[in-house]
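Asks: Quick note: the first sequence uses full-length UniProt numbering, first residue 1, plus one each step.
Quick reminder that beta carbons are idealized off the backbone N, C-alpha and C, glycines included.
For clarity, every value in this text was computed on a predicted model and none was experimentally measured.
One structure, as structure tokens, below. Some questions next.
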Amino acid sequence: MFIREPDSAWLGMLPPKFSKHLLSPAFFPRPPPPNPPKLSLLADRCAFMKQLQQVHAQMVVSSRINDEFAVSRLLSSCSLSNFGDLNYALRIFSNIQQPNSFMWNTVIRAQACGPNPHKALFLYIRMRRVGVVPGRHTFPFLIKACSNFRSLQSCKQVHTHVLKFGLDLDLHVANGLVRGYSLSNNLADARLLFDEIPERNLSIWTTMISGYAQNLCSNEALVLFNQMTKEGFEPNEATLASVLSACARSGCLETGERIHQFMKKKGIEVGVILGTALVYMYSKNGAITRAQELFDSMHERNIATWNAMICGLAAHGHAEDALSLFQREKKENVVPNDVTFIGVLSACCHAGLLDVGRDIFHSMRTVYGIEPKIEHYGCMVDLLGRRGKLLEAEELIKGMPWKADVVILGALLAASKNNANTEVAERLVKQILALEPHNHGVHVVLSNMYAETGRWEEVLRLRKVMKVERLKKEPGWSLVDI
DNA sequence: CTAGGGTTAG
């Protein structure tokens, strides 16, 4: 029988390590059988939970379930892949006699990114009870868990453990801590930590910059970005997205444009996230045409992209455009979220579109199943107040599921001043003073309203109240002074 | 065999 020599085309189809053997005469007559896939690596190749369950079953049958490596792979596939099942992974985990630190880290990571991040902390406590020592792969996820439920206290507690195990200079751990502190509204501590890191990398710079940007400290974000480039770091996509957001909110169109140029020069691809950041930056800065062009040229858009465009249009008084974009969004089957409605309602507010706004506000709950937040109520109160519907606005506030805050009451107070309605204003002032007894501003507003209608005796009464309030703040005040 | 940073309101 004639056996054809392997030609280059045939060799090219095989992995390189086989081609070497095939050329040697000992292997020549028969190509080697393909390696049977290793059970332990099979878990990585699964694309469905069902397949993972089969692998699990095979492992039980062949008693590979005692193989630490194989179980680790199975565990991490079950808990971390996007088709995975956290509860299944936790069941596997609870059946492992003595999980090693890798396994603990894996389930902690899965819980931290899941719907109940606080459970990651419970896992950590159990891990410590059985005496497993946490490592530099444990803390980043533990801190992520804390920042996912915005708990400053647990951040601090985990921080003490980081110090105890001497991991505070590990860059991943330090990065996590900076992020954790800035997400739990503690920028000062985040910055303190950031400054103490002797050798910072790009990720840590980015974390700190985005911390400022997300907490609406745009100027600090831009200052830090300048400092970063001075120290010779080149920004990547994550950095640029945060910086663009800071440019958008602080009105730095020039810096934003420079960054756009930089992206073009470096050939950085404008994906959804950077595209959205750019649309927001241009639209917030009034360059509506450029924003619109960019928006239309994007290949992929998500809800944030639509929101950025709608809110930008609304902020610049293009109410009709914002509303028609909202209609287009519906036609393209993009599901709006709570931010979308803030944009749409504020557009109605700017244009004074009372009926449209009312309809949209009611449709939030009835059509989209989105429970209005206090910000949405705020838009509606603004809109009603602007059109002189003070009593309806008052009713709306009374019907809120939460107690009214000073912001929303203040907005209606301003509206009642514009409508010269002292009756409503008096009621509102009473409510605001119940919340903030030392709020002088409302006395001033009310007294000005009385003055406009010539009710001088009321003005004098309020001035007396204000004087008492002022004196109360001084040490050793007495009624004799009045 | 594991890890970090990103977009939308105010």
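If distances are taken between C-alpha atoms only, which option among MET49, LYS403, VAL61, ILE204 comes closest to SER76?
Replies: SER76 has its Cα closest to that of MET49, out of MET49, LYS403, VAL61, ILE204.
Asks: Can you find the residues in the same chain that come closer than 7 Å, C-beta to C-beta, to TYR368, ignoring five residues on each side of it along the sequence?
Replies: Answer for TYR368: PRO336, listed in chain order.
Asks: Can you tell which of GLY399, SER184, LEU323, ASP170 has its C-alpha closest to the C-alpha of GLU196?
Replies: Nearest option by C-alpha distance: ASP170.
Asks: Whole angstroms is fine: what's the gap from LEU446's alpha carbon to LEU187's?
Replies: Rounded to whole angstroms, LEU446 to LEU187 spans 37 Å at the Cα level.
Asks: From the DSSP output, in three-state form, read off PRO25 for me.
Replies: Here the model assigns PRO25 a pLDDT of 46, short of 50, so the residue's position is not dependable, and the following value carries that caveat. DSSP places PRO25 in helix when its eight states are reduced to three.
Asks: Between which residues of its own chain and ASP85 is the CB-CB distance below 7 Å, once the five residues before and five after are set aside?
Replies: MET49, CYS78.
Asks: Applying the 10 Å Cβ sphere with the 16-neighbour rule, what's the burial state of PHE69?
Replies: PHE69 is exposed by the Cβ-count criterion.
Asks: Would you mind giving the Cβ-Cβ distance between ASN105 and PHE141, rounded to the nearest angstrom? I have them listed as a contact below 8 Å.
Replies: Yes, ASN105 and PHE141 are in contact; Cβ-Cβ is about 7 Å, under 8 Å.
Asks: Please state the DSSP three-state secondary structure of SER182.
Replies: Helix, per DSSP.
Asks: Taking DSSP as the reference, what is the three-state secondary structure of THR276?
Replies: If DSSP states are grouped into helix, strand and coil, THR276 belongs with the helices.
Asks: Using 8 Å as the threshold, is the C-beta distance between ALA404 and LEU353 below it?
Replies: Not closer than 8 Å, so no.
Asks: By Cβ distance below 8 Å, which residues in the same chain neighbour PRO450 in space, the five residues on each side in sequence not counted?
Replies: The question names Pro, but residue 450 is Tyr in the sequence shown. So the list reads THR422, TRP456, GLU458, VAL459, LEU462, once near-sequence residues are dropped.
Asks: Put LEU169 into one of helix, strand or coil per three-state DSSP.
Replies: Reduced to three states, the DSSP call for LEU169 is coil.
Asks: Hey, PHE326 and VAL339 are a contact pair by Cβ (cut 8 Å); roughly how many whole angstroms apart?
Replies: 12 Å between Cβ atoms; not a contact.
Asks: Is the separation between the beta-carbon of LEU121 and that of ALA145 shorter than 8 Å?
Replies: Yes, the Cβ-Cβ distance between LEU121 and ALA145 is below 8 Å.
Asks: Sorted by chain position, which residues of the same chain lie with C-beta nearer than 6 Å to LEU23's C-beta, five sequence neighbours on each side aside?
Replies: Here LEU23 scores only 45 on pLDDT, less than 50, and its place in the model should not be relied on; the value that follows carries that caveat. Cβ within range, chain order: n/a, list empty.
Asks: Quick check on this structure: which residue in ASP321, ALA434, ALA414 has the alpha carbon closest to the alpha carbon of ARG387?
Replies: It is ALA414.
Asks: State the Cα-Cα distance for the pair GLY114 and ILE143, rounded to the nearest angstrom.
Replies: Near 14 Å, if we compare the C-alpha coordinates of ILE143 and GLY114.
Asks: Using C-beta distances below 8 Å, list every residue in its chain close to GLY357, excluding the 5 sequence neighbours before and after it, in chain order.
Replies: For GLY357, where only same-chain residues beyond five positions count, the Cβ hits under 8 Å are LEU345, CYS348, CYS349, CYS379, MET380, LEU383.
Asks: Which word fits LEU244, buried or exposed, when buried means at least 16 other C-beta atoms lie within 10 angstroms of its C-beta?
Replies: Result: buried.
Asks: Determine whether the beta carbon atoms of ALA213 and ALA246 lie at a separation below 8 Å.
Replies: A contact, by the Cβ cut-off of 8 Å.
Asks: Please state whether the Cβ-Cβ distance between GLY399 and ILE432 is less than 8 Å.
Replies: Not in contact: GLY399 and ILE432 (Cβ atoms no closer than 8 Å).
Asks: Which class does PHE135 belong to by DSSP, given the choice of helix, strand or coil?
Replies: The residue you asked about is not Phe; residue 135 is Gly in the sequence shown. Looking at GLY135 - three-state DSSP - the assignment turns out to be coil, as it is neither helix nor strand.
Asks: With the cut-off set at 8 Å, would you say LEU74 and LEU52 are in Cβ contact?
Replies: It is a contact, given that the beta carbons lie within the stated cut-off.
Asks: Does the beta-carbon distance from VAL55 to LEU42 come in below 8 Å?
Replies: Yes, they are a contact pair.
Asks: Could you tell me which of HIS299, SER210, ASN285 sits nearest to residue 483, measuring between CA atoms?
Replies: It is not possible to answer for residue 483, since the shown part of the chain is limited to 1 through 482.
Asks: Taking the alpha carbon of VAL272 as the reference point, which residue from THR305, GLN292, LYS266 has its own alpha carbon closest?
Replies: The shortest C-alpha separation from VAL272 is found at THR305.
Asks: Enumerate in chain order the residues of its own chain whose CB-to-CB distance from THR207 is below 7 Å, with the five nearest sequence positions on each side excluded.
Replies: So the list reads ASN175, VAL178, ARG179, once near-sequence residues are dropped.
Asks: Identify, in the order they occur along the chain, each residue of the same chain with its Cβ nearer than 6 Å to the Cβ of ALA291, setting aside the five sequence neighbours on each side.
Replies: Closer than 6 Å at Cβ, skipping near neighbours: VAL279, TYR282, SER283, GLY312.
Asks: Have a look at GLU452 and VAL465 and give me their C-alpha separation to the nearest angstrom.
Replies: Their Cα atoms are separated by approximately 19 Å.
Asks: Quick one: residues in its chain with C-beta nearer than 8 Å to the C-beta of LEU123, no 5 flanking neighbours on either side, listed in chain order?
Replies: TRP104, VAL107, ILE108, GLN111, listed in sequence order.
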